[in-house]
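K.L.:
Residue numbers (UniProt numbering): 1 to 302.
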């Protein structure tokens with residue numbers, strides 16, 4: 001079975017027209033016709049029904065079933081190509097969300113440097129949701145991923161590295177919003193919030209707190225930049241929800257612990273695909289983080 005035949009067929013199920021498929025791949029229409037016939041012969045099943053009057057095709061139940069598997073094959077092929085290219089480049093393709101990169105990963109730079117791994121890193125920085133999607137698609141091979149709930153995936157090896165609570169932050173200036181050091185989320189929710197955009201762990205945690213407390217606080221600004229969020233809160237534009245991992249002593253902020261029951265935590269996971277073969281350098285990278293957790297007992301065992 002030829003890969004190109006599957007590509008043609010996948011496109012045919014999308015556009016339902018032989019001519020359009022041929023144009024998309026810049027080949028002749030008979031090329032597409034013969035490709036479909038080859039697939040039907042190999043599978044011993046009719047995959048399409050031709051409708052000459054409307055110059056279109058209908059996909060049979062067998063064709064609909066086959067395209068599901070064909071898509072999976074193409075995804076795996078894409079992963080294989082990316083993994084092989086990565087091995088050739090001898091780079092550690094790492095997904096690193098901004099908050100985790102700045103406030104957790106950065107502390108490991110001396111150890112990574114000592115092991116000669118810093119020069120091997122090729123990092124991409126996105127929110128955790130996009131990082132997870134890129135890891136599953138094979139665009140990156142390792143990732144540090146944040147989640148506000150236990151992360152599970154049959155396709156991934158996952159190691160819990162750290163857990164931190166979410167906290168309410170306000171500015172430290174005299175004219176800043178005044179809140180008690182311990183408070184419920186509903187107490188905080190009477191104030192306007194500066195929040196992160198969709199795709200960030202904090203956004204999911206914020207939604208959870210809203211639902212749990214049955215509140216709908218005013219959102220006056222959304223951002224992807226933690227520096228902007230902190231700066232706006234410090235200047236009393238509103239309050240924020242932020243993991244205490246991301247708060248430094250020099251920030252002009254006051255933290256307020258949330259006392260609600262069963263609240264989410266900011267979980268950090270090290271992740272890679274279950275069927276991915278780690279390189280020697282990638283194994284060193286994984287071992288460094290696992291050893292740190294076991295030594296310091298920052299998170300439950302693996």
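Yeah, the Cβ is synthetic: ideal placement off N, Cα and C, and Gly gets one too.
Compare the Cα-Cα distances from residue 213 to each of 262, 175, 273 and 114 and report the closest residue.
P.N.:
Measuring from the Cα of residue 213, the nearest candidate turns out to be 262.
K.L.:
Considering only the beta carbon of each residue, do residue 268 and residue 162 sit closer than 7 Å?
P.N.:
Contact: yes.
K.L.:
What residues are listed by DSSP as bridge partners for residue 57?
P.N.:
Answer is 50, bridged to residue 57.
K.L.:
Just to confirm my understanding: we take residue 239, look at its own chain, exclude 5 residues before and 5 after, and list those with CB closer than 8 Å. What are they?
P.N.:
The answer, listed in chain order, is 168, 169, 170, 177, 179, 188, 191, 192, 193, 194 and 233.
K.L.:
Rounded to the nearest angstrom, what separates residue 47 and residue 40 at their Cα positions?
P.N.:
Near 6 Å, if we compare the C-alpha coordinates of residue 40 and residue 47.
K.L.:
Between the Cα of residue 264 and the Cα atoms of 241, 279 and 284, which residue gives the shortest distance?
P.N.:
The shortest Cα separation from residue 264 among 241, 279 and 284 belongs to 241.
K.L.:
Spatial neighbours of residue 21 within its chain, please: C-beta separation below 7 Å, excluding the five flanking residues on both sides.
P.N.:
So the list reads 8, 11, 12, 15 and 32, once near-sequence residues are dropped.
K.L.:
With a 10 Å radius around its C-beta and 16 neighbouring C-beta atoms as the bar for buried, classify residue 271 as buried or exposed.
P.N.:
Buried, since its Cβ has 16 or more Cβ neighbours within 10 Å.
K.L.:
To the nearest angstrom, report how far apart residue 132 and residue 78 are at their CA atoms.
P.N.:
Each residue's Cα considered, the two are about 16 Å apart.
K.L.:
Can you tell which of 284, 3, 235 and 283 has its C-alpha closest to the C-alpha of residue 73?
P.N.:
Out of 284, 3, 235 and 283, 3 has the C-alpha closest to the C-alpha of residue 73.
K.L.:
Where in the region 80-106 do unbroken runs of the alpha helix (DSSP H), each at least 4 residues long, occur, reported from the N-terminal end onward?
P.N.:
The qualifying runs are 98-103.
K.L.:
When the Cα of residue 252 is compared with those of 228, 275 and 106, which residue comes out closest?
P.N.:
Here the closest residue by C-alpha is 228.
K.L.:
On the premise that residue 142 lies in contact with residue 93, defined as a C-beta separation below 8 Å, what is that separation, rounded to the nearest angstrom?
P.N.:
With a Cβ gap of about 7 Å, residue 93 and residue 142 count as contacting.
K.L.:
Following the continuous alpha helix (DSSP H) through residue 23, name the residue where it begins and the one where it ends.
P.N.:
Its alpha helix (DSSP H) spans residues 18-25.
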